[in-house]
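Engineer: Numbering (our numbering), first residue to last: 1 to 70.
Backbone N, C-alpha and C fix where the C-beta goes; we use that ideal spot for every residue, glycine too.
Nothing here was measured: the structure is a model prediction, and the numbers come from that model.
Encoded as structure tokens, here's the structure I'll be asking about.
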């Protein structure tokens with residue numbers, strides 16, 4: 001019997017983070033990123049993020065400041 005390996009690869013997350021202090025980034029992958037995609041720092045998306053939309057790079061408290069462009 002042949003060994004069959006099934007892989008489901010998630011795409012690499014491509015995003016724009018302008019400044020080191022930004023707590024959000026813009027997703028630039030075609031068709032966005034699906035839930036379960038992992039970022040290099042370990043962040044895992046819990047829902048689909050469309051291309052061009054922001055994603056929080058860390059927990060932002062309610063009424064917390066969204067920092068984009070430093």
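1. Would you mind sorting residue 37 into buried or exposed? The rule is 16 or more other CB atoms within 10 Å of its CB.
2. Per DSSP, residue 34 is paired with what?
3. Where does the unbroken beta strand (DSSP E) through residue 18 begin, and where does it stop?
4. Tell me the rounded alpha-carbon separation between residue 24 and residue 58.
5. So residue 30 and residue 51 are supposed to be a Cβ contact under 8 Å. How far apart are they, rounded?
6. Here's the rule I'm using: 16 or more other beta-carbon atoms within 10 Å means buried, otherwise exposed. How should residue 55 be labelled?
7. Report buried or exposed for residue 66, applying the criterion of at least 16 other Cβ atoms within 10 angstroms of its Cβ.
Structural biologist: On the basis of the supplied data:
1. Position 37 of the chain shown, counting from 1, holds the residue named residue 37. Result: buried.
2. Locating residue 34 in the chain shown gives position 34, where the first residue counts as 1. Answer is none; residue 34 lacks a bridge partner.
3. By one-based count along the chain shown, residue 18 stands at place 18. No beta strand (DSSP E) holds residue 18; DSSP gives it neither H nor E.
4. In the chain shown, counting from the first residue as 1, residue 24 sits at position 24. In the chain shown, counting from the first residue as 1, residue 58 sits at position 58. Roughly 8 Å separates the two Cα atoms.
5. Here residue 30 corresponds to residue number 30 of the chain shown, with the count starting at 1. Here residue 51 corresponds to residue number 51 of the chain shown, with the count starting at 1. About 6 Å separates the two Cβ atoms, so the contact holds.
6. Translated into the one-based positions of the chain shown, residue 55 becomes position 55. Around the beta carbon of residue 55, 16 or more other beta carbons sit within 10 angstroms, so the residue counts as buried.
7. To locate residue 66, count along the chain shown from 1; it is residue 66. Exposed, by the Cβ-count rule.
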